[in-house]
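Numbering (the UniProt record's numbering), first residue to last: 1 to 84.
Let me begin by presenting the structure, written as structure tokens, before commenting on it.
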Amino acid sequence: MDVKVTEKAKSRLHDMGVSDEVFLRIGVTSGGCSGNAYDAVLDDVMKEVDDVYYEDGPLRIVSDKVSSIYLDGLTIDFSDDLIE
């Protein structure tokens, strides 16, 4: 799976507490008629169904195998603008 993280996002994730022990978990669930719903949370417990899909120093992005098929080509960025 190809996942990219911009420098702004890396900096913000570091500020939020990503470390050797804490990683970013990304998941996808069915949203019914409105399509898929994506979520991202900081976590420190790997599950049996998890794989690491991105690693750069202490920054790791983890997802379950089912969600991973929807995340290929994902770019994670950060903006603090109200409207983009």
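Built from N, CA and C at the ideal position, the CB exists for glycine as well.
In this text the structure is predicted, and so the values were computed from the model without any measurement.
- By the CB criterion at 8 Å, Val-22 and Met-46 fall outside the cutoff.
- Closest option to Thr-6, judged by alpha-carbon separation, among Thr-75, Leu-42, Gly-32: Thr-75.
- The C-alpha of Lys-10 is placed about 10 Å away from the C-alpha of Lys-4.
- Looking at the backbone, the Cα of Tyr-38 and that of Asp-20 are separated by about 24 Å.
- According to DSSP, residue pairing for Tyr-53 in a beta bridge does not occur.
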